[in-house]
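In full-length UniProt numbering, the protein residues as written are 1 to 155. Where a beta carbon is used, it is the ideal one built from N, C-alpha and C, also for glycine. In this text, all values refer to a predicted model and were calculated from it rather than measured experimentally.
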């Protein structure tokens with residue numbers, strides 16, 4: 001059984017989820033309760049956690065508003081569909097209205113933007129500490145290191 005993490009919920013609500021096909025390969029739309037946190041999207045059947053999708057590696061390009069005529073989404077559900085692509089899977093969900101879809105898209109963008117910013121921030125910290133080692137060893141002048149740090153901050 002999957003255990004939900006204790007992360008704060010950014011957005012929650014009912015969405016239709018496109019089934020994976022199962023034993024008989026029927027990909028039906030099923031109503032599920034979803035919770036969006038800072039790093040994942042979880043979905044439930046009643047109180048039972050049925051699955052989750054990690055958003056840590058996602059960008060805005062990973063989130064796609066699907067046209068209502070797109071054959072990849074199949075029939076059923078609603079015309080307000082969202083596809084979320086991760087390195088390991090593609091999740092299709094459908095919203096009850098355009099406003100609902102816009103709310104989910106906005107929340108998903110906030111989460112993936114924050115994750116991208118965290119990754120950039122962590123990468124910058126590693127580079128800056130590496131440069132500090134060179135500065136401490138005297139291999140780089142203070143003027144060169146200042147300009148290098150400035151360029152790195154704004155690139």
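The beta carbon of residue 64 is closer than 6 Å to those of 83 in its chain, skipping five residues each way along the sequence. No Cβ-Cβ contact shorter than 7 Å links residue 39 with residue 49. Residue pairing from DSSP places residue 53 in a beta bridge opposite 41.
Rounded to whole angstroms, residue 105 and residue 47 show a C-alpha spacing of 24 Å. Comparing alpha carbon positions, the residue from 51, 8, 16, 15 closest to residue 89 is 51. Taking C-beta atoms as the reference points, residue 11 and residue 107 count as a pair closer than 7 Å. Under DSSP, residue 33 shares a beta bridge with 14, 44.
Note on residue 98: under 16 other CB atoms within 10 angstroms of its CB, so exposed under the neighbour-count rule. Distances from the alpha-carbon of residue 58 to those of 85, 9, 80 put 85 closest. If you compare the alpha carbons of 121, 13, 111 with that of residue 61, the shortest gap goes to 111. Around the beta carbon of residue 53, 16 or more other beta carbons lie within 10 angstroms, which makes this residue buried.
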